[in-house]
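Residue numbers (the numbering used here): 5 to 1054.
Please read the structure below before turning to the comments.
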């Protein structure tokens, strides 16, 4: 009897396992993508329904507003008309100034309002000084306008410095560029600009730092009135000019990024504490009490202290329009207008969310289609390979020809059955085949890994890839020497059965994952490939798994060691990028070409950053781009097509493609780079930044090199797959036992899983081994903030301040320290400093939004959170912050939407489910059944504060489900007993359980809970005594007739 060859058995068994796993994985991916499509479609349906509701509300309110305006015109014949005509007259006078910048601005905003709001040079303009405020009478308007002068009245007001700089650009010789800014707009509307014009920048003005008058809708400044020795006001004193300017609702809502309005910035800087008197005689008699000047309605004027303005009054045509601070427009009209503005703002916000959801939905649909096509092709190919002719009764057409899921499942079972039948013939030999395959897999010495990293660190450093070289060198040092040079196996995997965290006394820096996070040592394969032979695989330092061998590229000595290259590298290290590129202009070696292109790229990035600060500011959304991208893309693309580019050139090409928006091609190029030279950690990080979903990550055609495990651990961390991160780090740490990078990944994953105590131990160990480390220490500060460890956070902030206070991480840590102290203004200051150093620093945007929420500055908080979402839509904290902000604004529908987005990204965070439950429970919704579902999920996510259990008990009690309420009250009581917590929740639980058990005639159990109430003083004790008497009477049976007579006797 012939036997099946051992190699055939091994190959068949391997193919079967690979095929089975591949099909199962494809099915799981299809199901997950289908669920994700449904999730996005539900979100779109929800958002569009609310947009329709808002649109109908706006239409209804506009109808009401029209009716109100009609009645106002019919009733009021003079007052309101004067107000409108006065404002219109002022704007008409400004428009008549053909060569003035103010006239151009007014005409552009009147005739092209929608376009003006998008142009760079006009979108930041608030208005003209003369049009931003109103006064109550004509004499006051004339007096204040004369005091400011025509140039100031016609000055343009911008919110930010970048808005000011966008109004006018300059040539290299310093002359004005007439083709840009206002100078470029003027000819398009038939105007010319001459002379200078003034511009106020609200962001640059020093604001008033005092208080506002209480209960004043105009937000007037609380200035100290001048007082005579008898305590009375000077005769004829009318008030301060800054408070006599009336602002309409639109201008009252105009605030800077720091939350200051027009009155405390613009008008306080224009008038300061300028006093207004009825007559010149009154003003002169009060001269000792005047500090910052005064004016009188009859023409008197004192500027500053001691400077009197005499002579005839200057007649200025541009005056402040008339209007009372309490206009005669009915209150309901103002309320309707405010509601319409608010509704339009909500509609705009929802429209942006709809666009984002549609983009995500289209992306997921494309992925689903590609995955379905690949799945059908896999099944069809395998069925054709299993037999040259189809089974009896089946046609030869492709088996999977449609998208019917039932067909996919049924025909997949046909395929697996066919493969299983082929497997039956050698089932008896399978055990021997597996043993032989395992025996063929041998582990190499760590010396191989050490040699690779040592060479990689040198090559990366020679190409000025300093971050990647540092990472490789740190990983190299983390390798422990082999116990025996002849040993071919790695140390066994660390055990996970106990919380054996490292301490200062341990000799090894290995870390065991805490109890409850136990994983086996097997690797999660994200892509299974059956191609390749034993000759193509090499031993690995990780987990006993065979990986594809990647030879270390040979250095071109004549290129890298030339005198010209050494000079260029010296220029590069001194950040003289263009000099470095110029020196290498005639060099043709791959190493020289890479450094030249890299230097040009960094020179372009440096110039782009300068333009962002000069033109658009460090926080604005600018159109500034790297001017070198186009030429570099053209050159590197040609080199790639000609095959004259190495892995480092591919890395740079991938970065440029990413910056140009070609993300799919960038992924392909970066995969080529890491497959060719897998030790470049910077290339892995760029590839990680493009993996927005697990589906993109799983489709990467990566070689099975051991560096891939480092990449997957980091990518899982970014995708909030913390359990998978811990599993990868466990297998890696078996070899790289002293790696701070792996420990930081473990600590961050534990923090993401809310295992705060375990994560703190790991971070402390990292700091002990590397006391000057800044990387990931911002995460450590977030942990200390969450635990309210004030002393530890203070120590950390002091340490990083002394180490390097001008790093984004340092600023973020110091900001957390001030936030924990309750000094939210200082916290915002340091978060903004971090963002000046790195405007894409995600944590700073999110945490600054939290600070604005604490300061009740909701517009600034929403802006900060939306910036964070724009940088990384996977950041659940920013979505959660948006939900909190809208909840503060009493908008539970919108808050619920953002909480759902956050819980979708982080379903294991109990806080998100609590927030959703509270929205469902709020007065406008009162969806108690949905609230119960959310509280239940919070309990399942190990909510530790007992809020969910208590609310579940109360809700079930309110709905009449006494049995379930008793169950949750008992669970809540057990948690409070375990944590030794006291309070009203415990009293409530004891009272309910006593009454419930009494009603159920379980008197002994009820007496136990009732007795505990006697430990409390006040009404609770009296209630308990009454209940206890009733329990004892109920236990002794019904009272006798004599007892009843005794109680009823007078």
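For each residue, glycine too, the CB sits at the ideal point set by N, CA and C.
According to the neighbour-count rule (16 or more other Cβ atoms, all chains shown, within 10 Å of its Cβ), is residue 59 buried or exposed? Classification for residue 59: exposed.
Short of 6 Å in beta carbon distance, which residues of its chain neighbour residue 942, apart from the five on each side in sequence? Order them along the chain. 914, 917, 918, 952
For residue 946, I'd like the list of residues in its chain whose CB is within less than 7 Å of its CB, leaving aside the five on either flank, ordered along the chain. 914
Quick one: give me the first and last residue of the beta strand (DSSP E) that residue 307 is part of. 305–307
List the endpoints of the continuous alpha helix (DSSP H) containing residue 596. 594–615
Quick check: residue 269 and residue 209, are their CB atoms within less than 7 Å of each other? yes
Excluding sequence positions up to five away, which residues of its chain have a Cβ less than 7 Å from the Cβ of residue 264? 211
Report the partner residues of residue 138 according to the DSSP bridge assignment. According to DSSP, which records beta bridges pairwise, residue 138 is partnered with 250.
In whole angstroms, what separates the C-alpha of residue 233 from that of residue 283? For residue 233 and residue 283, the distance between alpha carbons rounds to 21 Å.
Since residue 160 sits in a beta bridge, which residues does DSSP pair it with? 132, 203
Can you list, in chain order, the residues of its chain whose CB lies under 6 Å from that of residue 701, leaving out five sequence neighbours each side? 695, 719
C-alpha gap between residue 709 and residue 652, whole angstroms: 18 Å
Taking the C-alpha atoms as reference points, what is the distance between residue 409 and residue 372? Because residue 409 sits at a pLDDT of 47, beneath the cut-off of 50, its placement in the model cannot be relied upon, and the following sentence gives the value as read from the coordinates. Computed Cα separation, rounded: 13 Å.
Under 7 Å, do residue 1056 and residue 883 count as touching if we go by C-beta distance? In the structure as shown, the chain begins at 5 and stops at 1054. Residue 1056 is therefore absent and cannot be evaluated.
Given that a residue counts as buried once 16 or more other Cβ atoms are within 10 Å of its Cβ, and exposed if not, what is residue 192? Looking at its Cβ environment, which holds fewer than 16 other Cβ atoms inside 10 Å, residue 192 is exposed.
Using a Cβ-Cβ cut-off of 6 Å (strictly less than) and excluding sequence neighbours within five positions of residue 468, which residues of its own chain qualify? 576
Would you report the Cα separation of residue 109 and residue 126, rounded to the nearest angstrom? A straight line joining the alpha-carbon of residue 109 with that of residue 126 spans about 8 Å.
Measure how close the beta-carbons of residue 633 and residue 608 come, nearest whole angstrom, since I'm counting them as under 8 Å. That belief holds up - the Cβ atoms of residue 633 and residue 608 are roughly 7 Å apart, short of 8 Å.
Backbone CA spacing between residue 845 and residue 872 [nearest angstrom]: 8 Å
In three-state DSSP terms, what is residue 814? Note: residue 814 maps to helix in three-state DSSP.
Since residue 246 contacts residue 225 with CB under 8 Å, what's their CB separation in whole angstroms? 6 Å
Look at the Cβ atom of residue 3, then the Cβ atom of residue 973, and state whether they are nearer than 7 Å. Nothing in the structure corresponds to residue 3, since the chain is present only between 5 and 1054.
Pairwise C-alpha distance: residue 678 and residue 638: 22 Å
Give every residue of the same chain whose Cβ lies closer than 7 Å to the Cβ of residue 1056, excluding the five residues on either side of it in the sequence, and list them in chain order. Absent from the structure is residue 1056, since the part of the chain shown begins at 5 and ends at 1054.
Please work out which residues of its chain come closer than 7 Å, Cβ to Cβ, to residue 340, disregarding the five sequence neighbours upstream and downstream, and give them in chain order. 65, 68, 69, 72
Assign residue 280 to one of three DSSP states: helix, strand, or coil. strand
Should residue 40 go down as buried or exposed, given a rule of 16 or more other Cβ atoms within 10 Å for buried? The residue is buried, with at least 16 neighbouring Cβ atoms inside 10 Å.
Is residue 370 close to chain C, meaning its C-beta is less than 7 Å from at least one C-beta of that chain? Absence of chain C from the displayed structure is noted, only one protein chain being present.
Tell me whether residue 595 is buried or exposed, calling it buried when 16 or more other Cβ atoms sit within 10 Å of its Cβ. buried
Backbone secondary structure at residue 261 - three-state DSSP: coil
Could you name the residues that DSSP lists as bridge partners for residue 180? 174
Exposed or buried, which one is residue 506 when buried takes at least 16 other CB atoms within 10 Å? Note on residue 506: pLDDT 37, under 50, position unreliable in the model; the coordinate value appears next. It counts as buried.
Let me confirm a value: residue 682 is counted as buried when at least 16 other C-beta atoms fall within 10 Å, else exposed. Which label applies? Residue 682 sits buried, since 16 or more C-beta atoms from the chains shown fall within 10 Å of its C-beta.
Does the Cβ of residue 355 have 16 or more other Cβ atoms within 10 Å, making it buried, or fewer, making it exposed? The residue is exposed, with fewer than 16 neighbouring Cβ atoms inside 10 Å.
First and last residue of the uninterrupted alpha helix (DSSP H) at residue 243: Unbroken run through residue 243 is the beta strand (DSSP E), 241–244; no alpha helix (DSSP H).
Helix, strand or coil: which one does DSSP assign to residue 312? strand
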